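All remarks here apply to the structure that follows.
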Ligand SMILES: Nc1ncnc2c1ncn2[C@@H]1O[C@H](COP(=O)(O)OP(=O)(O)OP(=O)(O)O)[C@@H](O)[C@H]1O
Ligand SMILES: Nc1ncnc2c1ncn2[C@@H]1O[C@H](COP(=O)(O)OP(=O)(O)OP(=O)(O)O)[C@@H](O)[C@H]1O
Ligand SMILES: [Mg+2]
Ligand SMILES: [Mg+2]
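Residue numbers (the numbering used here), protein chains in the order written: chain F, 128 to 352; chain H, 128 to 352.
See below:
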């Protein structure tokens with residue numbers, strides 16, 4: 128469903144070049160649950176942003192559902208993202224003036240879902256991530272882990288076929304983290320393709336494959352027996 | 128060095144009261160390394176903010192180095208914070224238009240440290256947290272874990288006698304996380320009192336005591352043998 132061929136992402140800092148991605152070859156199968164691990168700064172978020180069409184390679188090719196992303200214009204990319212992708216950001220990127228429910232509804236508004244259905248689905252998702260009693264709070268009125276869970280619920284709003292999660296349990300205690308992991312594995316068993324950047328061995332432990340990154344490249348891939 | 132007596136922090140959300148802290152009694156000894164654990168939303172960050180004088184109780188008393196914080200005005204609080212406290216925020220709170228080195232220097236500027244000494248110390252701290260080659264990047268040009276490490280370096284800039292850390296390894300891989308944990312335990316062995324909110328059992332494992340919170344109260348305290 129996703130294929131990277133010799134993908135590079137280079138940043139120019141004056142005279143210095145930063146190779147955030149330094150030649151990545153990777154294929155993700157439909158229905159797979161892939162974990163991405165690696166040192167802080169090794170390129171995991173950059174890779175995930177690439178796969179979520181939030182960034183473009185400076186070299187190499189990225190194909191999503193067999194379409195070369197470089198050949199899509201911004202509108203086509205945007206529509207592809209809205210319909211098929213769910214993205215959980217490492218920094219959450221919640222909208223500060225919207226409530227928990229309104230934040231969860233944002234992708235549904237973009238997809239043209241009606242207000243009643245949208246509100247019901249947002250309430251169900253808020254309950255699902257344990258925020259039923261925080262529905263009307265705004266992000267600054269939430270704990271770090273609660274904000275993380277709003278970001279998770281929002282990513283699931285349009286029932287995406289591909290979910291990209293950047294350290295979705297990083298600010299959760301082990302018991303809340305396990306609840307989120309159970310939710311993710313359920314979705315994967317129901318057919319959602321899942322790519323999860325994680326530092327948590329338990330989260331990687333549920334994956335079919337774990338991709339280890341080092342200095343902007345894939346260093347090794349471990350397959351679960 | 129820090130004492131809370133029946134501390135409460137209540138938020139009013141229209142008719143609903145949220146008891147973020149619901150009667151906390153706690154004493155932290157000079158030189159101690161205390162870990163705080165508990166479910167997402169249980170009040171850990173609220174407690175840490177209270178101890179760092181970033182927030183005031185709605186009931187109860189908080190004494191820092193034997194002074195009742197309620198009796199200090201904002202200037203006195205601000206000066207106390209600048210001189211004796213280091214704070215690592217759960218969301219980092221870096222200044223977007225400043226570089227890594229400039230962000231680390233901010234507390235030193237406040238303490239009146241000269242520019243040359245300030246720059247040397249910032250460079251040493253950046254090296255110490257593995258960001259020597261990212262010194263001139265701005266926060267948006269850093270990975271999540273790199274931003275976290277800038278926040279850590281900044282908190283250590285004035286060699287504080289009391290360090291308050293809110294999930295300092297939450298976005299770090301286990302090997303970078305271990306480097307940070309080693310740095311923190313070294314500082315504690317050298318005399319820095321340390322209160323660390325964490326979900327990481329390894330970080331709590333190094334603490335003299337682990338304080339478990341539940342629903343805004345201290346649920347139990349485990350003492351390391
Ligand atoms: N400004 C606010 N208004 C209303 N409620 C708030 C506000 N800030 C925090 N809360 C609530 O207070 C409770 C405690 O928040 P706190 O940030 O201390 O939790 P935490 O233990 O640090 O959680 P996490 O592990 O997720 O970071 C949470 O349930 C949160 O929703
Ligand atoms: N805008 C930018 N300009 C320059 N360098 C950048 C920029 N954004 C990221 N980088 C660098 O690219 C590298 C990869 O960043 P990335 O965010 O992908 O790392 P990561 O593996 O997700 O790390 P973490 O585990 O800390 O989140 C880092 O070394 C970072 O400093
Ligand atoms: Mg990252
Ligand atoms: Mg917190």
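We put the beta carbon where it would ideally sit given N, CA and C, even for glycine.
Treat the numbers as computed from the prediction; the structure is a model and nothing was measured.
Test: residue 246 of chain H CB closer than 8 Å to a CB of chain F: no
Span separating the alpha-carbon of residue 310 of chain H from that of residue 184 of chain H: Roughly 32 Å between the two C-alpha positions.
Beta carbon of residue 172 of chain H nearer than 8 Å to that of residue 327 of chain H: no
Any non-hydrogen atom of ligand 2 within 7 Å of residue 267 of chain H CB: yes
Where residue 150 of chain H sits in the DSSP three-state scheme: strand
Cut-off 6 Å between Cβ atoms - residues of its own chain near residue 208 of chain H, not counting five sequence neighbours on either side: 180
CB contact check: residue 303 of chain F to chain H, cutoff 8 Å: yes
Proximal residues, the segment 284-300 of chain F versus chain H, C-beta separation under 9 Å: 293, 294, 296, 297, 298, 299, 300
For residue 278 of chain F, the residue or residues it bridges with in DSSP: Per DSSP, none; premise fails for residue 278 of chain F.
Cβ neighbour criterion (16 or more within 10 Å) applied to residue 341 of chain F: exposed
Pair within 8 Å by beta-carbon distance, residue 295 of chain H and residue 275 of chain H: yes
Proximal chain H residues relative to residue 218 of chain F, where beta-carbon distance stays under 7 Å: By Cβ distance, chain H contributes 271.
Cβ of residue 164 of chain F within 8 Å of any chain H Cβ: Output row for residue 164 of chain F: interface = yes.
Ligand 1 heavy atom lying under 7 Å from the CB of residue 206 of chain H: no
6 Å Cβ shell around residue 336 of chain H - same chain, five flanking residues per side excluded: 161, 348, 350
Residue-chain proximity (residue 187 of chain F, chain H), Cβ-Cβ < 8 Å: no
Collapsed DSSP secondary structure at residue 338 of chain F in the structure displayed: strand
Chain H residues whose Cβ lies nearer than 7 Å to that of residue 326 of chain F: 299, 300, 301, listed in chain order.
Counted within 10 angstroms of its Cβ, other Cβ atoms place residue 144 of chain H as buried (16 or more) or exposed: Classification of residue 144 of chain H: exposed, given that the 10 Å Cβ count is below 16.
Min CB distance residue 167 of chain F to chain H below 8 Å: It does; some Cβ of chain H falls within 8 Å.
Run of the alpha helix (DSSP H) containing residue 189 of chain H, from where it starts to where it stops: No alpha helix (DSSP H) contains residue 189 of chain H, which is instead part of the beta strand (DSSP E) from 186-191.
Amino acids of chain H, ordered along the chain, whose beta-carbon sits closer than 7 Å to that of residue 172 of chain F: 270, 271
Any non-hydrogen atom of ligand 1 within 7 Å of residue 264 of chain F CB: yes
Where residue 300 of chain H sits in the DSSP three-state scheme: coil
contact_flag[the segment 209-218 of chain H, the segment 144-157 of chain H] where n(CB pairs < 8 Å) is 3 or more: no
Inter-residue Cα distance where the pair is residue 226 of chain F and residue 194 of chain H: C-alpha separation (whole angstroms): 39 Å.
Residues sharing a beta bridge with residue 320 of chain F, DSSP: F/289
Backbone CA spacing between residue 256 of chain F and residue 298 of chain F [nearest angstrom]: 14 Å
Beta-carbon gap between residue 273 of chain H and residue 167 of chain F smaller than 8 Å: yes
Candidates H/142, H/139, H/154: closest to residue 133 of chain H by CA position: Checked all of H/142, H/139, H/154; the closest Cα to residue 133 of chain H is H/154.
For residue 163 of chain H: DSSP bridge partner residues: H/324, H/338
Alpha carbon of residue 231 of chain F to alpha carbon of residue 308 of chain F, nearest angstrom: 19 Å
Three-state secondary structure (DSSP) of residue 263 of chain F: coil
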